[in-house]
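Residue numbers (our numbering), protein chains in the order written: chain A, 329 to 617; chain B, 329 to 617; chain C, 30 to 407; chain D, 30 to 407. We put the CB at the ideal spot given by N, CA and C, even for glycine. Quick caveat: nothing in here was measured; it's all calculated off a predicted structure.
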Amino acid sequence: MAILIDENTRVLVQGATGSVGSFQTQIMQEYGTKIVAGVTPGKGGRKLHGILIYDLVEEAVQGQQVDAVISFVPARFAKDAAIEVIGSGIRLLVLTAEGIPEQDVLIVLRYAAIKGATVLGPDTPGVISPGKCKLGVHPHTMFMGGPVGIVSKSGSLSYEVGRVLTKNGVGQSTVVGIGGGPIWGLSQEAVLEMFEKDPETEVIVLLGEVGGRQEHDAARFISQYMNKPVIALIVGRTAPEGAQMGHAGAIIEGEEGTAASKIAALEKAGAMIAKSSLDIPELIKKIGA
Amino acid sequence: MAILIDENTRVLVQGATGSVGSFQTQIMQEYGTKIVAGVTPGKGGRKLHGILIYDLVEEAVQGQQVDAVISFVPARFAKDAAIEVIGSGIRLLVLTAEGIPEQDVLIVLRYAAIKGATVLGPDTPGVISPGKCKLGVHPHTMFMGGPVGIVSKSGSLSYEVGRVLTKNGVGQSTVVGIGGGPIWGLSQEAVLEMFEKDPETEVIVLLGEVGGRQEHDAARFISQYMNKPVIALIVGRTAPEGAQMGHAGAIIEGEEGTAASKIAALEKAGAMIAKSSLDIPELIKKIGA
Amino acid sequence: MRLLEFQAKRLLAEKGISVPKGVLITSPEDLQRVSFPTVLKAQVPVGGRGKAGVIKRLEQAEEASSVVYEMLASTVKGHPVEALMAEEPVEVCTQLYVAYLIDKQVNMPLLMVSSAGGIDIEEVAKRTPERIIKKYIDPAVGVQDYAIRSLAKALEIKDVRAFADLILKICAIFQEKDATLIEINPLALPPNGQVALDAKILLDDKAAYRHQELFDDLEAEQKQLERRTKSRAEELSEKGQINYVPLGGDIGMIADGAGTGMITLDMIHDAGGKPANFCEMGGMANAENMQRTMEVVLSNDHVKVLIISLIGGLTRMDEMAEGIVQYLKDNDQSVPIVIRMCGTKSEAGIPMLRESGVDAYEDLATIVQIAVEKAKEL
Amino acid sequence: MRLLEFQAKRLLAEKGISVPKGVLITSPEDLQRVSFPTVLKAQVPVGGRGKAGVIKRLEQAEEASSVVYEMLASTVKGHPVEALMAEEPVEVCTQLYVAYLIDKQVNMPLLMVSSAGGIDIEEVAKRTPERIIKKYIDPAVGVQDYAIRSLAKALEIKDVRAFADLILKICAIFQEKDATLIEINPLALPPNGQVALDAKILLDDKAAYRHQELFDDLEAEQKQLERRTKSRAEELSEKGQINYVPLGGDIGMIADGAGTGMITLDMIHDAGGKPANFCEMGGMANAENMQRTMEVVLSNDHVKVLIISLIGGLTRMDEMAEGIVQYLKDNDQSVPIVIRMCGTKSEAGIPMLRESGVDAYEDLATIVQIAVEKAKEL
């Protein structure tokens with residue numbers, strides 16, 4: 329399998345009946361994702377794109393296997409919904425909501441750690457394993473199967489890179505958006521570790537941005553534990569110091585937050601540095617993957 | 329090794345400088361228990377019976393291995409002290425205090441579960457592996473090494489039985505007091521499982537009492553999973569219904585709480601039933617252990 | 030500590046949970062403040078009041094006085110009725126059962142509800158356990174909205190917000206006051222909104238120090254309603270200093286542990302004797318407490334022989350011996366005392382006893398036999 | 030939301046944490062309520078005020094008026110000083126640093142203290158990190174006494190009870206108000222007891238709905254102290270509807286994601302162009318918001334070309350196209366617009382654009398090149 333998901337992953341959609349949830353559910357289904365049920369409190373018993381909607385997760389998991397949940401539940405209700413998923417024993421939760429209060433996110437992540445569940449996000453586009461399974465909102469025509477693993481804070485940046493790779497005939501094993509932050513469930517480092525172990529992944533593209541310290545952790549991991557080649561692109565190189573560019577994670581935090589320090593650390597760790605998405609296909613060809 | 333502890337177990341005493349803690353520390357040392365440090369807030373730097381006292385557990389574990397803690401901390405401060413131990417990564421905590429508020433006990437046990445620590449108690453005399461290690465307050469001259477594992481709610485009842493066995497030349501592998509309840513960390517069932525796996529234990533003596541439902545869980549476990557012979561003694565047979573006899577655990581709770589229902593369940597599960605401690609040596613001889 | 034119904038309802042009302050309007054009645058004069066129809070409910074700390082006939086609806090004031098007299102003269106399961114609540118009747122459509130408690134098998138707080146609330150809930154639990162719905166609340170994250178929605182759905186509750194509000198308030202009281210049980214049974218549903226018709230609350234005595242004022246007030250209130258004076262044993266028991274249970278026989282019993290105490294009773298019984306009491310000193314065992322305990326047990330005139338069954342672990346036998354010797358010195362004592370002493374510091378304790386002329390045995394079976402024989406002789 | 034110093038101290042004081050007595054000064058007249066000596070402190074939402082010279086001790090009333098005038102006319106790191114606090118001086122023996130925050134590397138709340146409090150704490154952290162002491166607080170059990178005792182010991186604090194009380198209060202404020210940072214630096218120690226001499230509090234905007242009144246009041250207060258009117262872009266940014274950062278160049282930029290926005294800026298820069306702004310619509314991207322965003326970005330007269338860089342995932346390109354078309358219909362627009370559109374529903378969006386005469390490209394490099402060339406031409 330690819331990392332996190334594959335063609336057998338059985339998916340529950342939480343918040344399936346809202347306008348975004350409903351639209352994305354249909355697209356995921358069309359892509360081939362095995363969506364087995366939906367949950368929206370108060371809408372139990374309805375059908376949506378042929379799947380049954382339940383009021384509660386405990387009802388949806390009764391009598392059927394559920395491997396992963398993608399949640400389109402709005403930020404205000406996201407904590408309760410996430411704890412409901414984790415408490416039910418499901419092992420993977422993709423949390424798309426943006427704007428969940430930070431203390432809520434902390435509690436969700438602590439509970440996930442206690443119960444051994446993996447949370448992707450919040451504020452994530454999700455994860456796609458091209459041709460196998462899509463658990464997210466990606467514009468999937470920009471992706472195709474192949475040997476490159478992508479991990480990105482930014483959803484849109486992963487689309488940019490996927491698009492360029494695919495146009496150049498380079499496919500992807502799994503594309504993971506860890507989310508816009510400022511708090512992350514699965515980290516860049518954790519995803520790198522999965523890719524390192526994944527037999528279907530030969531090269532990893534790490535997409536970072538100005539702000540936060542994750543890229544430094546990633547650099548440490550690369551230098552200490554990784555054998556597979558890593559190509560890194562850090563955007564926001566030209567952002568003025570102190571500017572907050574979108575993701576809350578992109579606040580400049582001391583020296584470790586600057587793009588320059590991240591690029592330096594990753595380069596020192598042995599990663600190849602791309603200046604823009606356009607450089608990446610060529611770098612991959614150089615590696616010979 | 330025996331279960332839970334053995335001759336190599338390195339022990340920290342929490343609340344070591346109080347009158348009970350100090351007295352019992354000395355006795356445990358004399359017995360041969362490897363006591364490596366003590367902790368009492370505000371008393372850091374002193375020495376007691378040759379061991380160094382620290383203010384904090386984090387100081388005591390620095391630079392030395394600690395396998396287990398026995399806590400003589402009074403009930404009011406027991407929760408904080410227990411969380412301190414569990415948070416420091418120590419895997420076994422013997423909680424002797426009686427009268428810890430129930431919600432405090434719940435939090436301690438939940439945290440222990442999260443961190444993978446084992447809590448014996450509260451309100452427990454501890455555990456003794458005769459001739460190897462004593463992590464408790466047992467009158468140890470009543471015990472000697474041998475093939476019988478004892479698990480008991482009541483400390484004093486385990487002494488009664490140990491005394492009779494030893495007098496009859498039958499030794500014990502490990503004697504575990506799970507505590508007076510009404511809330512227990514390690515359960516009878518969990519201790520039975522350990523004894524079943526322990527090569528040094530050939531027969532198990534289960535000492536229960538009126539009240540609570542643990543003995544029914546134990547009976548289910550015996551009938552489903554145990555190959556070793558179990559002898560059960562349930563005291564409080566002659567207690568009038570509704571009377572609370574000491575341990576809060578000994579409140580009659582519906583039909584499952586009565587001694588009669590427990591005896592019936594254990595007998596059905598294949599345990600031999602003793603009417604008093606005096607019967608036990610003979611039952612063991614019958615088994616031929 | 031078990032609260033009386035009106036105390037429990039007051040705790041609920043303070044948090045904003047609806048309860049019927051009520052007046053506390055300790056004499057027929059209090060009826061002046063009551064409007065009719067009304068429901069009179071005996072305030073005793075036991076269940077089964079409906080079946081015991083101490084909950085009565087009165088339509089008018091006329092016969093009220095004599096009913097109050099009668100109820101105040103009655104006794105329920107050994108508890109004399111000292112006070113009544115006169116409550117406004119509430120129209121009941123549906124009766125729910127709602128409880129929050131600690132489940133000691135899994136060591137988690139538990140929300141437990143049923144749509145079959147009312148006096149038969151125990152029967153429901155036995156015969157149709159599927160009608161009792163449970164939700165464990167992980168203390169690591171607390172009670173969550175989805176758990177409440179799940180219960181509301183099972184109960185077919187329309188106004189989920191109001192129900193959630195109620196549940197969150199119950200959980201808050203539970204935590205803030207160190208309760209071990211909060212039970213509302215029945216909880217009446219609309220047209221009257223949610224009203225707690227009856228309530229049972231147990232507070233954790235072990236946490237009393239965190240709520241001293243509340244505990245003191247509740248206890249004072251309960252005492253004031255009890256005309257009967259308590260025995261010394263009951264008082265000491267309530268303070269947690271000894272654990273004394275009267276049993277009606279003639280052999281007094283003191284133990285330094287619950288287990289050893291219970292096996293001693295079983296052995297007395299098996300040998301044909303009749304225990305006068307169960308009494309253990311638990312973790313509080315010291316010389317002073319031993320003295321006080323002997324005082325209490327021997328204040329029972331029916332006691333012909335006293336067994337003291339000691340097997341020291343945490344308890345020190347030198348301290349026990351000191352207490353026994355001191356008691357014998359201070360009291361002109363005629364009841365024969367049979368002592369078993371072994372364990373921690375018994376090598377010091379036994380000589381102390383011998384020095385003051387008291388014998389001590391090591392074997393439990395021996396003292397039980399001696400005591401039972403003596404009791405038969407006397 | 031970053032609170033001004035006096036707002037932060039008010040939150041602390043409401044919980045019972047000691048702060049110096051102070052008077053808010055917005056004009057020299059307010060000095061009448063001030064007793065001397067006093068310490069004047071500019072109320073601006075940035076650090077480094079001491080070094081910027083906007084914290085001044087005044088011994089007497091004489092020169093006070095002119096100092097106040099001067100300070101109110103000054104600007105700190107781009108923030109005009111609109112208000113001062115005049116505080117009673119506090120005798121300082123020891124200055125501690127105390128902070129409670131969310132550590133986003135380990136996803137746990139963190140208590141962080143140092144005995145080297147004061148304006149140089151960042152230097153301390155850099156040069157002698159061992160002087161910064163950290164304790165993670167597991168949300169599953171909350172802050173425990175032993176953690177506080179550990180910190181108190183490291184700080185050589187004598188009155189551990191008072192320190193524990195302070196820490197527990199800070200943690201309570203943090204949780205109750207959805208703070209993301211509470212920092213007291215310095216915390217002055219006896220002889221004056223513990224006094225929070227300076228305080229910084231960040232509240233979580235994402236949790237504003239849980240504390241609407243508090244947030245509204247704090248915001249109104251901050252607005253009242255700002256004479257300068259805000260731009261439309263700032264207003265929309267504050268409401269979280271767009272994320273707009275002015276950058277001073279001449280190429281306007283709108284993106285539907287932060288990452289795609291940043292790479293667009295980097296590419297403009299690498300191609301020799303100068304971005305006028307960063308602007309992304311985030312999760313709020315819909316037709317209406319696109320219209321409003323174009324309005325904001327184009328209200329900057331320096332913009333010669335506008336790049337719209339769209340790569341729809343969650344964002345739907347049909348909705349984006351609708352917004353762009355509507356904007357062009359409603360406005361007499363002369364600035365050339367270069368659009369990149371691909372992704373979700375672009376098969377619907379691109380024809381909509383073409384229909385109203387706007388071209389759309391698929392390639393980011395292409396539009397960057399076109400825009401940079403156009404900007405140079407114009």
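query	result
For Gly509 of chain B versus Gly540 of chain B, is the C-beta distance shorter than 8 Å?	yes
Closer than 9 Å by beta-carbon distance: list the chain A residues that pair up with Lys133 of chain C, in chain order.	The premise fails here: Lys133 of chain C is roughly 21 Å from chain A at the closest Cβ pair, so nothing lies under 9 Å.
Using C-beta distances below 6 Å, list every residue in its chain close to Glu412 of chain B, excluding the 5 sequence neighbours before and after it, in chain order.	Val385
With C-beta atoms as the reference, is Leu332 of chain A less than 8 Å away from Val367 of chain A?	no
Distance check for Met600 of chain B and Ala560 of chain B, CA to CA, integer angstroms please.	6 Å
At which residue ranges does the region 111 to 197 of chain C contain complete beta strand (DSSP E) runs of 3 or more residues, listed in the order of the chain?	113 to 116, 124 to 132, 137 to 143 and 161 to 165
From the DSSP secondary-structure annotation, give me the bridge partner or partners of Lys85 of chain C.	C:Leu69
At the level of alpha carbons, what is the spacing between Gly598 of chain B and Val558 of chain B?	8 Å
Measuring straight from C-alpha to C-alpha, what distance separates Ala350 of chain D and Leu382 of chain D?	6 Å
Mind pulling the chain C residues with CB within less than 9 Å of Ala567 of chain B?	Val274, Leu276, Met291, Leu294, Asp295 and Phe307
Per the contact definition of three or more C-beta pairs closer than 8 Å, is the region 467 to 479 of chain B in contact with the region 365 to 376 of chain C?	yes
Tell me the start and end of each unbroken alpha helix (DSSP H) in the region 534 to 569 of chain B that is at least 4 residues and wholly inside, in chain order.	542 to 553
Select from C:Gly352, C:Ile336 and C:Tyr356 the residue whose C-alpha is nearest the C-alpha of Tyr458 of chain C.	Absent from the structure is residue 458 of chain C, since the part of chain C shown begins at 30 and ends at 407.
List the whole-angstrom C-beta distance separating Glu517 of chain A from Asp545 of chain A, where the pair is believed to meet the contact cut-off of C-beta under 8 Å.	5 Å
Using a Cβ-Cβ cut-off of less than 7 Å, give me the residues of the region 168 to 191 of chain D that come near chain B, in sequence order.	Ala169, Val170, Gln173, Asp174, Tyr175, Arg178, Ser179 and Lys182
Out of curiosity, what's the CA-to-CA distance linking Gln270 of chain C and Gly352 of chain C?	15 Å
Taking Cys461 of chain A as the reference, give the member of A:Ile363, A:Val348 and A:Ser604 with the closest Cα.	A:Ile363
Could you work out which residue in C:Ile340, C:Ser328, C:Glu152 and C:Leu254 is closest to Tyr356 of chain C when comparing CA atoms only?	C:Ser328
Closer than 8 Å by beta-carbon distance: list the chain D residues that pair up with Pro369 of chain B, in chain order.	Tyr175 and Arg178
Is it the case that the Cβ atoms of Ala208 of chain C and Leu180 of chain C are separated by a distance below 8 Å?	no
Could you tell me whether the Cβ atoms of Ile428 of chain B and Ala403 of chain B are closer together than 8 Å?	yes
Is Leu420 of chain A near Ala388 of chain A, with beta carbons less than 8 Å apart?	no
Which two residues bound the contiguous beta strand (DSSP E) that contains Gly281 of chain C?	Ile280 to Ala284
Based on Cα-Cα distance, which residue from C:Lys405, C:Ser64, C:Ser47 and C:Ile283 lies nearest to Leu393 of chain C?	C:Ile283
List the DSSP bridge partners of Cys371 of chain D.	D:Ile340
By the three-class DSSP mapping on this structure, what secondary structure does Gln516 of chain A have?	helix
What are the residues in the region 378 to 404 of chain B lying within 8 Å of chain D by C-beta distance?	Asp383, Leu384, Val385 and Glu386
Is the Cβ of Ala377 of chain D closer than 8 Å to any Cβ of chain A?	no
Could you tell me which residues DSSP puts in a beta bridge with Pro304 of chain C?	C:Ile280
At a CB distance below 9 Å, what residues from the region 523 to 555 of chain A approach chain D? Give them in sequence order.	Leu535, Glu537, Val538, Gly540, Arg541, Gln542 and Asp545
Could you tell me the alpha carbon to alpha carbon distance between Glu159 of chain C and Glu151 of chain C, rounded to whole angstroms?	13 Å
In terms of DSSP beta bridges, what is Ile366 of chain C paired with?	C:Leu335
If I measure Cβ to Cβ from Asp279 of chain D and keep anything under 6 Å in the same chain, skipping five residues before and after, which residues do I get?	Lys303, Ala305, His331, Lys333 and Ala404
What is the DSSP secondary structure of Asn336 of chain B, counted as helix, strand or coil?	coil
Could you check how far apart the C-beta atoms of Thr344 of chain C and Leu485 of chain B are, in whole angstroms? I think they sit under 8 Å.	Incorrect: roughly 14 Å between the Cβ atoms, too far for contact.
Which value, in whole angstroms, describes the spacing of the CA atoms of Ile456 of chain B and Gly464 of chain B?	7 Å
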